[in-house]
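Heads up: the structure comes next, in structure tokens.
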Amino acid sequence: MFGIIGGNKGHKIKGNLVIMRKNVLDINSITSVKGVIGTGINIIGGVVDTVTALASHISIQLISATKADGHGKGKVGKATNLRGQVSLPTLGAGEDAYDVNFEWDSDFGIPGAFYIKNFMQVEFYLKSLTLEDIPNHGTIHFVCNSWVYNSKNYKTDRIFFANNTYLPSETPAPLLKYREEELKNVRGDGTGERKEWDRIYDYDVYNDLGNPDSGDKYARPVLGGSALPYPRRGRTGRGKTRKDPNSEKPSDFVYLPRDEAFGHLKSSDFLAYGIKSVSQDVLPVLTDAFDGNILSLEFDNFAEVRKLYEGGVTLPTNFLSKIAPIPVIKEIFRTDGEQFLKYPPPKVMQVDKSAWMTDEEFARETIAGVNPNVIKILEEFPPRSKLDTQAYGDHTCIITKQHLEPNLGGLTVEQAIQSKKLFILDHHDYLIPYLRKINATTTKTYATRTIFFLKSDGTLTPLAIELSKPHPQGEEYGPVSEVYVPSSEGVEAYIWLLAKAYVVVNDSCYHQLVSHWLNTHAVVEPFVIATNRHLSVVHPIYKLLFPHYRDTMNINSLARKSLVNADGIIEKTFLWGRYALEMSAVVYKDWVFTDQALPNDLVKR
């Protein structure tokens, strides 16, 4: 594919290197407008480096893909510095291009990779290198998209490969060892604390959610192992806590492979700052706005709920100006001027503010709401529990045929099951072992089972809800359960509405902690790590997977620091509280990779 090289001697290959300097990304990666955000960002270096200094402090060596040295590795060319800045019509915002000329002759062959060294104290973001007018070949493009730090920070020189794809067996022989060495470098040796500039992908358990040194209130179990299995996260190598040698000591800096971060590292810090501001500056305001009840997750009346859609909540002066430049935070806040948490009314409420209370909407949201991942067909009646009967007693569902058959349109339960018309939304077994602990806090809830009927018009309707709480004498006595059926009049109508509310709360918690966090974020991270450890950047499967992994590790890292950590936002605002991630680990025990995609997920349900 490289063509035949003639007898060219003393030829020069022209190249264009495109980079983004650190100070550019410090700002542009976290704002949607140009300019300085204000006093919250400390820009170090960058500006000091003039165009001339930058060019003279970056050197490149081409590596041949067709001509090997005496050790079977592609020949390495002479180190060449950048010449000067040039203008290219393809440059994006904040990008700079520099030209570079390489000495070349036919004994070198066709370039297939290059080394780059940065001799400055400040890092830069390398976008690409394009080589032009290569004899008998034309243009070669290198897509880099990587941060390059001072060369002293690396044990081996940074290498980038041409934008080609090769299976290992098809890799040009002179590049094969370079490919193997790069993978070895990315794997690391599993020791030491990772630094900001590292590019190492390694595995670790979730042992950094709590901080037992700050007290028992902040201690959390390690997730990942036989007792509480969990997907692996990226290893950081931080030291262990004093009270628990199995827990990793939290810190302000949380390592992730450098190229996994949003823009520059400072943008991650700024995002974390914005999230932290929510808990420190906003929650007290919400507490006042809702008569002191927001921290106990209570509203006094529906008027307070509607306030979120009609008036919003006024925040302290200038608070939004501190965080508004961050697109992610701005989206979370959905702000209109200084009115925080002013949400657009759901369409179902735009005509009738009470529409959400109906059985039709309750049933619709189980398949068209945020969490259509739990409802499944009912195959046995009454539904049985998989809990250990010696430890938890008999948890067989107490919903009876008498509860269901009056609303089955003349069918018996057996006929409805055979016709695949009964469905269940089951939030029971995973909650029961933690229900007593949760109810010992300021929040109270029930485990729930809800049975639905598929009507002839293709819509679902709820038939019965079972609410279960722990037996006062102990777990081994089984639950204390009650069954509620639809009602539209009197006190029973409000009790039925309350029963549906408990179901929705359970479904919402499951959505956030399992369907979203666990099954969307956490389970993908080990695949990101494995791909980078075992597939070269020139592997065709790597190139297919890479776009789907973008920002996953960074989001997860920020989440462990400010969202799903001990006493973080999730624990403060969701029913499961301090047991949130531990309970997601219990659910993960039944996770099967092949069941996650369509059609398998629908077939099993």
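According to this note's numbering, the stretch in the sequence shown is residues -3 to 601, in order. Where is the CB? At the ideal position from N, CA and C, for every residue including glycine. Note that this is a predicted model, so its numbers are computed, not measured.
Taking all protein chains shown into account, do 16 or more other C-beta atoms lie within 10 angstroms of the C-beta of residue i, making it buried, or fewer, making it exposed?
| i | result |
| --- | --- |
| N596 | exposed |
| N132 | exposed |
| R556 | buried |
| V476 | exposed |
| S464 | buried |
| P340 | exposed |
| T590 | exposed |
| G70 | buried |
| F298 | exposed |
| P227 | buried |
| K440 | exposed |
| L540 | exposed |
| I420 | buried |
| L459 | buried |
| T608 | Past the boundaries of the shown model lies residue 608; the chain is included only from -3 to 601, so the question cannot be answered. |
| L219 | buried |
| P468 | exposed |
| D503 | buried |
Once the 5 residues before and after residue i are set aside, which same chain residues still bring their CB inside 7 Å of it?
| i | result |
| --- | --- |
| W492 | Y480, P482, S483 |
| V44 | Bear in mind that a pLDDT of 35 at V44, under 50, signals an unreliable position, so the model cannot answer this. |
| P246 | D204, N207 |
| G41 | Note that G41 has pLDDT 36, beneath the 50 cutoff, so the model's placement of it is unreliable and no number is given. |
| S52 | N77 |
| V144 | I112, N114, E119, F120, L122, R154 |
| M353 | L493 |
| D209 | T237, R238, K239 |
Below 6 Å CB to CB, which residues in the same chain sit around residue i once its five sequence neighbours on both sides are set aside?
| i | result |
| --- | --- |
| D265 | Only weak support is given to the placement of D265: the predicted model assigns it a pLDDT of 48, under 50, and the question is left unresolved by the model. |
| P253 | R195, Y197 |
| H137 | T126, N159 |
| V250 | S553, K557 |
By the DSSP assignment, the alpha helix (DSSP H) with residue i in it spans what residues?
| i | result |
| --- | --- |
| S60 | Where S60 is concerned, there is no enclosing alpha helix (DSSP H), although the beta strand (DSSP E) it sits in stretches over 54 to 64. |
| T362 | 355 to 364 |
| Y545 | 536 to 545 |
| V96 | First-last for V96: 92 to 100, but that is the beta strand (DSSP E), not the alpha helix (DSSP H). |
| D503 | 486 to 506 |
| T548 | 548 to 558 |
| Y111 | Here Y111 belongs to no alpha helix (DSSP H); instead the beta strand (DSSP E) covers 107 to 114. |
| Y584 | 576 to 584 |
| R154 | Note, R154: premise wrong, no alpha helix (DSSP H); beta strand (DSSP E) at 154 to 157. |
| D422 | First-last for D422: 418 to 423, but that is the beta strand (DSSP E), not the alpha helix (DSSP H). |
Tell me the rounded alpha-carbon separation between residue i and residue j.
| i | j | result |
| --- | --- | --- |
| G134 | R234 | 48 Å |
| L573 | E462 | It should be noted that the sequence gives Gly, not Leu, for residue 573. Going from the Cα of G573 to the Cα of E462 covers about 23 Å. |
| E356 | K600 | 25 Å |
| D422 | V370 | 7 Å |
| Y545 | L125 | 24 Å |
| P217 | V96 | 54 Å |
| V499 | R238 | 41 Å |
| N149 | F115 | 10 Å |
| K382 | D425 | 7 Å |
| V29 | G88 | Any answer about V29 is weak, because its pLDDT of 25 lies below 50 and its placement is not dependable; what the coordinates show is given next. Approximately 15 Å, taken between the alpha carbons. |
| P85 | N12 | 12 Å |
| R79 | E99 | 13 Å |
| K8 | D101 | 8 Å |
| K496 | N435 | 19 Å |
| A412 | C393 | 18 Å |
| V582 | E485 | 40 Å |
| T385 | T516 | 32 Å |
| K10 | G73 | 14 Å |
Would you grab the beta carbon distance between residue i and residue j for me? Rounded to a whole angstrom, and I think it's under 8 Å.
| i | j | result |
| --- | --- | --- |
| S60 | P170 | 6 Å |
| I15 | D92 | 6 Å |
| A619 | N552 | With the chain running from -3 to 601 in the structure shown, residue 619 is simply not present. |
| Y199 | R231 | 6 Å |
| I447 | L418 | 6 Å |
| P168 | T62 | 7 Å |
| Q57 | F110 | 6 Å |
| L514 | Y442 | In fact, because the Cβ distance is near 23 Å, the residues do not count as touching under 8 Å. |
Taking the continuous beta strand (DSSP E) assigned at residue i, which residues delimit it?
| i | result |
| --- | --- |
| A443 | 443 to 450 |
| A460 | 456 to 466 |
| F298 | Careful: F298 lies outside any beta strand (DSSP E), inside the alpha helix (DSSP H) at 298 to 306. |
| I130 | 120 to 130 |
| E478 | 475 to 480 |
| R17 | 7 to 17 |
| K71 | 70 to 72 |
CB-CB under 8 Å to residue i, same chain, minus the five flanking residues each way: which ones, in chain order?
| i | result |
| --- | --- |
| P368 | T362 |
| R648 | Residue coverage of the chain in this structure runs from -3 to 601, which leaves residue 648 outside it and unanswerable. |
| L450 | K416, K417, L418, F419, L456 |
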